[in-house]
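Peer 1: Residue numbers (my numbering): 815 to 1373.
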């Protein structure tokens, strides 16, 4: 057990060396890291919000709007089913969503069509719903109840369980959209966590501009596809900025338009160029699953290629097939970015937006489309900037704790176990280096609780050596020789070391999985420290002890 082959010796020392190389950038300045040769690692540990300062936002998700949008979308589906020529048209006086009461009233023109209308409404309330997602996996839950009021009114009411499910879904989707907007590349250490039923906590270390962060988060990125109504003349609009912004759409609204119509101006074109569109979109941005920029082979410049999900593909195919020759406008952030004539039916769920875009503009638009629109408006409840001064104080206090604990453990081991205590101290230094190297390698964020985890790991790191050394003392007291006693001590202590560290590692995994924020920071350093401490305490000290004993073969051993 004390014999290490040349390969094992080189591999053990190489692990420590690589840990040192990855840990080295943490003690260098940014300029020094940039000057390192290309083959050397340059990434350092990211510091959390509590250490380097940054921006903190507490956001509230407008879940009521999500539920209202669901009712509006359901009304559009019902209207489409009522216009089905194969099954016969059903005339309606009105389809009125009531967002306050969470219901949709359908007023029929002819009470004799009530039974047929009920069948189609029931079909509409069953199709396209992800019951597993909104009802916690209870597929038997019905999101809507369908009743009649008199002989000519059908009332669709959303159940309370569905309301809660859609609200949870809105919070989850908002978190993902916010994450993609703040960190599109996925390499920033941002923390975005739900709080309660309708709130989101956003923490961005190193960002000291919460206002800019708010603007980035609330950028709409709303993509919609609308039929154009060329029969309605475009009014003369002098100043678009002077128009009143609609609370629901967030867009400037032109008054005096016919019901169900709106005016939208073209992007990147003179102020007066606008078009009248139908207010209700045929397709919305949530049906787009991918978008990318590519050169436009027909018109020059760049275009945006997009791909729909199954629902969007079906709608896009049906609409383009039934409306050949009509103008179909694509609206992004309240502006028309393209308004082509439909030349032919477009099937397959793919399309493109042309307009001779510049390369950077096409990339920006495709990123916005990919990030998706927020499912609901976000209201800022609290915002603050955490100063770097507080972070420096935290770093100093944490570093002081690490140094004091480190020195105390080193003296204790040296005094208690002599030469073998010195081996344990070398292993302890290697352990701290490996922790820093692994945290840097994986781009982990070091927080104040994470420093506490390192302090705890320092104390735990020598625990395995204490078990081993005490076991060796027992074997020496039993009359065994030094080599035999050390081999037996390491072998018999292994099971206890493994059990203790496996349970601690599992506890750290559970904290990481179920915890958030500070708890996760503590769990990361604790789990990393458990892995490195087992290696350094059991393997590295055994290498040192084996080299000494097999080379010198002492008759007695002072321990």
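Positions of the beta carbon are idealized from the N, C-alpha and C atoms, including for glycine.
(1) Rounded to whole angstroms, what's the CA-CA distance from residue 1344 to residue 1315? Just pull it up for me.
(2) Which residue's Cα is closest to the Cα of residue 767: 840, 1355, 1159, 1283?
(3) Reducing DSSP to helix, strand and coil, say where residue 1227 ends up.
(4) Can residue 1016 and residue 870 be called in contact, C-beta distance under 9 Å?
(5) On the criterion of 16 or more Cβ atoms from any shown chain inside 10 Å, does residue 981 qualify as buried, or is it exposed?
(6) Measuring only the C-alpha atoms, how far is residue 934 from residue 1110?
(7) Could you check the C-alpha separation between residue 1287 and residue 1368 for me, to the nearest Å?
(8) State the start and end residues of the unbroken beta strand (DSSP E) segment that holds residue 1008.
(9) Below 8 Å CB to CB, which residues in the same chain sit around residue 1057 once its five sequence neighbours on both sides are set aside?
(10) Which one of 1089, 988, 1279, 1064 has the shortest CA to CA distance from residue 1049?
(11) Taking 9 Å as the threshold (C-beta atoms), are residue 1223 and residue 1379 in contact?
(12) Between the beta-carbon of residue 1101 and the beta-carbon of residue 1132, is there less than 9 Å?
(13) Could you tell me how far apart the beta carbons of residue 1040 and residue 1095 are, in whole angstroms, since I believe they sit closer than 8 Å?
(14) Alpha helix (DSSP H) containing residue 935: first to last residue?
(15) By Cβ distance, which residues of its chain are closer than 7 Å to residue 1189, with the 5 residues on each side in sequence left out?
(16) Do you know offhand how far residue 928's Cα is from residue 1122's?
(17) Which word fits residue 953, buried or exposed, when buried means at least 16 other C-beta atoms lie within 10 angstroms of its C-beta?
(18) For residue 942, which residues in the same chain have their Cβ closer than 7 Å to its Cβ, ignoring the five residues on either side in sequence?
(19) At a cut of 8 Å, does the stretch 904-919 reach the stretch 1006-1013 through at least three beta carbon pairs?
(20) Whose C-alpha, out of 1348, 1199, 1142, is nearest the C-alpha of residue 1319?
(21) Measure the alpha-carbon distance for residue 968 versus residue 1078 and round it to whole angstroms.
(22) Among 1144, 1278, 1106, 1257, whose alpha-carbon lies nearest the alpha-carbon of residue 860?
(23) Are the stretch 1163-1170 and the stretch 848-858 touching by the rule of at least three beta carbon pairs closer than 8 Å?
(24) Would you list the residues sitting across from residue 1197 in a DSSP beta bridge?
(25) Please list the terminal residues of the continuous beta strand (DSSP E) segment that includes residue 1076.
(26) Could you tell me the alpha carbon to alpha carbon distance between residue 974 and residue 959, rounded to whole angstroms?
(27) Going by beta-carbon coordinates alone, are residue 1260 and residue 838 separated by less than 9 Å?
(28) Measuring straight from C-alpha to C-alpha, what distance separates residue 1241 and residue 1268?
(29) Roughly how many angstroms lie between the CA atoms of residue 1249 and residue 1120, to the nearest whole one?
(30) If you draw a straight line from the alpha carbon of residue 1211 to that of residue 835, how long is it in whole angstroms?
(31) Span of the beta strand (DSSP E) holding residue 1300?
(32) Could you give the residue range of the beta strand (DSSP E) that holds residue 1122?
Peer 2: From the atom records:
(1) 6 Å
(2) As shown, the chain starts at 815 and ends at 1373. That puts residue 767 outside it, with no answer to give.
(3) helix
(4) yes
(5) buried
(6) 43 Å
(7) 15 Å
(8) 1005-1009
(9) 1051, 1066, 1067, 1068
(10) 1089
(11) Because the chain in this structure spans residues 815 to 1373, residue 1379 falls outside the shown range and cannot be described.
(12) no
(13) 5 Å
(14) 928-940
(15) 880, 984, 987, 988
(16) 35 Å
(17) With a pLDDT of 44 at residue 953, under the threshold of 50, the modelled position of this residue cannot be trusted; read the value that follows with caution. Looking at its Cβ environment, which holds fewer than 16 other Cβ atoms inside 10 Å, residue 953 is exposed.
(18) Summary for residue 942: the model assigns pLDDT 42, below 50, so the residue's position carries little reliability, and this model does not support an answer.
(19) no
(20) 1348
(21) 34 Å
(22) 1257
(23) no
(24) 871
(25) 1075-1079
(26) 11 Å
(27) no
(28) 15 Å
(29) 44 Å
(30) 26 Å
(31) Where residue 1300 is concerned, there is no enclosing beta strand (DSSP E), although the alpha helix (DSSP H) it sits in stretches over 1296-1328.
(32) 1116-1122
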